[in-house]
């Protein structure tokens with residue numbers, strides 16, 4: 114369609130074409146719209162702060178104890194919280210801050226094309242996946258849990274191929290843009306992050322909504338993986354169990370039985386060391402006479418489970434049955450050992 118420079122702009126702004134969309138041609142209009150929509154994002158944040166700062170502060174304080182890793186990086190936690198609150202948290206009349214802002218601001222937007230995009234913002238989407246094909250200023254992400262492929266437009270060309278990316282998306286015609294910021298991690302971390310997120314999604318019925326419903330939890334989990342993978346992998350000598358001192362041979366044999374049981378359970382080496390060291394400490398303090406090693410093995414495993422040092426796979430009754438002893442004997446011995454080891458167990462958590 115040919116439009117005269119002095120005719121009304123077909124975008125509906127009310128301005129002459131030469132002073133509106135005529136300033137930009139073709140794909141360049143996307144840059145103008147993105148700038149206008151980014152300004153609206155900033156207004157949305159200001160609106161949330163001006164009208165819901167008390168509610169936000171109160172809710173933020175209640176979440177501080179829940180997300181340990183995010184809490185260690187206050188700026189990241191705050192940004193993540195603001196995204197979650199503005200898009201997900203129902204305020205008065207059950208609407209979100211975003212929905213209230215769109216209703217309030219919609220009719221004041223001049224450019225019709227920008228207005229139509231802004232109108233669709235409440236159809237927000239959360240996504241987590243590995244960055245795929247990139248063309249110009251648009252890149253593609255396939256959501257891990259839904260399998261959906263989404264095109265995301267950026268202001269500038271993105272050079273982040275194959276990184277793992279997560280964030281909240283706002284509609285932008287046939288594409289999307291990130292609300293506020295995205296969080297991305299090196300591509301080397303993607304396989305482990307995908308595996309973890311898939312395992313979490315398998316535990317819920319509507320896995321497509323899992324990231325949206327649990328945005329802060331998911332970010333906390335991803336940053337946990339990030340921190341673990343960022344730590345330098347120092348070469349360490351294997352722990353030498355032979356250096357531990359035992360007053361009685363039966364105590365050493367019980368330590369061997371304990372390690373063998375934990376290995377069969379797939380418990381990682383670090384927690385095996387913790388268990389044996391706790392047993393060694395108990396023996397140093399109490400010098401027990403061992404008649405049935407299985408009771409002590411079961412008692413210590415029960416304590417490790419109750420203090421969340423190892424995952425609880427069995428009840429005391431099931432544990433005792435597997436070890437050929439009784440639940441009463443195991444529980445009695447566990448209580449006796451806890452009195453001696455309680456302080457060290459608490460420190461090990």
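Numbering (the working numbering), first residue to last: 114 to 462.
Note that CB positions come from ideal geometry on N, CA and C, so glycine has one too.
Please read these numbers as outputs of a predicted model, since none were measured by experiment.
Is the beta carbon of residue j closer than 8 angstroms to that of residue i?
| i | j | result |
| --- | --- | --- |
| residue 388 | residue 375 | yes |
| residue 454 | residue 394 | yes |
| residue 253 | residue 127 | no |
| residue 266 | residue 276 | no |
| residue 284 | residue 230 | yes |
| residue 450 | residue 417 | no |
| residue 200 | residue 292 | yes |
| residue 463 | residue 129 | The first residue shown for the chain is 114 and the last is 462, placing residue 463 beyond what the model contains. |
| residue 190 | residue 172 | no |
| residue 280 | residue 309 | no |
| residue 147 | residue 290 | yes |
| residue 420 | residue 446 | no |
Measure the C-alpha to C-alpha separation of residue i and residue j and round it to an integer number of angstroms.
| i | j | result |
| --- | --- | --- |
| residue 244 | residue 260 | 13 angstroms |
| residue 457 | residue 168 | 40 angstroms |
| residue 232 | residue 210 | 14 angstroms |
| residue 219 | residue 242 | 32 angstroms |
| residue 402 | residue 341 | 41 angstroms |
| residue 338 | residue 306 | 7 angstroms |
| residue 356 | residue 180 | 39 angstroms |
| residue 354 | residue 382 | 12 angstroms |
| residue 378 | residue 328 | 32 angstroms |
| residue 343 | residue 362 | 42 angstroms |
| residue 397 | residue 368 | 13 angstroms |
| residue 119 | residue 221 | 23 angstroms |
| residue 208 | residue 215 | 11 angstroms |
| residue 159 | residue 288 | 25 angstroms |
| residue 206 | residue 156 | 21 angstroms |
| residue 161 | residue 143 | 26 angstroms |
| residue 278 | residue 311 | 15 angstroms |
| residue 459 | residue 448 | 15 angstroms |
| residue 145 | residue 151 | 10 angstroms |
| residue 392 | residue 326 | 43 angstroms |
| residue 424 | residue 316 | 17 angstroms |
| residue 175 | residue 202 | 14 angstroms |
| residue 426 | residue 217 | 53 angstroms |
By Cβ distance below 7 angstroms, which residues in the same chain neighbour residue i in space, the five residues on each side in sequence not counted?
| i | result |
| --- | --- |
| residue 429 | 415, 440, 443, 444 |
| residue 177 | 184 |
| residue 286 | 230 |
Leaving aside the five residues before and after residue i along the sequence, list all residues of the same chain whose C-beta is less than 6 angstroms from its C-beta, in chain order.
| i | result |
| --- | --- |
| residue 385 | 372, 375 |
| residue 149 | 227 |
| residue 324 | 239, 241, 331 |
| residue 268 | 147 |
| residue 400 | 360 |
| residue 352 | 386 |
| residue 294 | none |
| residue 380 | 423 |
Near residue i, which residues of its chain fall below 8 angstroms by C-beta distance, leaving aside the five closest residues on each side in sequence?
| i | result |
| --- | --- |
| residue 407 | 370, 436, 437, 438 |
| residue 204 | 165, 168, 210, 213 |
| residue 302 | 277, 338, 339, 342 |
| residue 186 | 336 |
| residue 282 | 237, 238, 239, 240, 263, 265, 289, 290, 291, 292 |
| residue 255 | 242, 243, 245, 261, 262, 263 |
So residue i and residue j are supposed to be a Cβ contact under 8 angstroms. How far apart are they, rounded?
| i | j | result |
| --- | --- | --- |
| residue 314 | residue 258 | 5 angstroms |
| residue 263 | residue 247 | So it is not a contact: roughly 13 angstroms between Cβ atoms. |
| residue 431 | residue 411 | In fact, because the Cβ distance is near 10 angstroms, the residues do not count as touching under 8 angstroms. |
| residue 452 | residue 336 | Going by Cβ atoms, the distance from residue 452 to residue 336 rounds to 38 angstroms, so no, they are not a contact pair. |
Nearest chain C C-beta to residue i closer than 8 angstroms, yes or no?
| i | result |
| --- | --- |
| residue 254 | The structure shown contains no chain C; it is built from a single protein chain. |
Does the ligand ZN have a heavy atom nearer than 7 angstroms to the CB of residue i?
| i | result |
| --- | --- |
| residue 202 | As for the ligand ZN, it is missing from this structure, which has no ligand bound. |
Worksheet item: Would you say the stretch 183-198 touches the stretch 224-237, given that touching needs at least three Cβ pairs under 8 angstroms?
Response: no
Worksheet item: Can we say the stretch 283-299 touches the stretch 311-331, given the rule of at least three CB pairs closer than 8 angstroms?
Response: no
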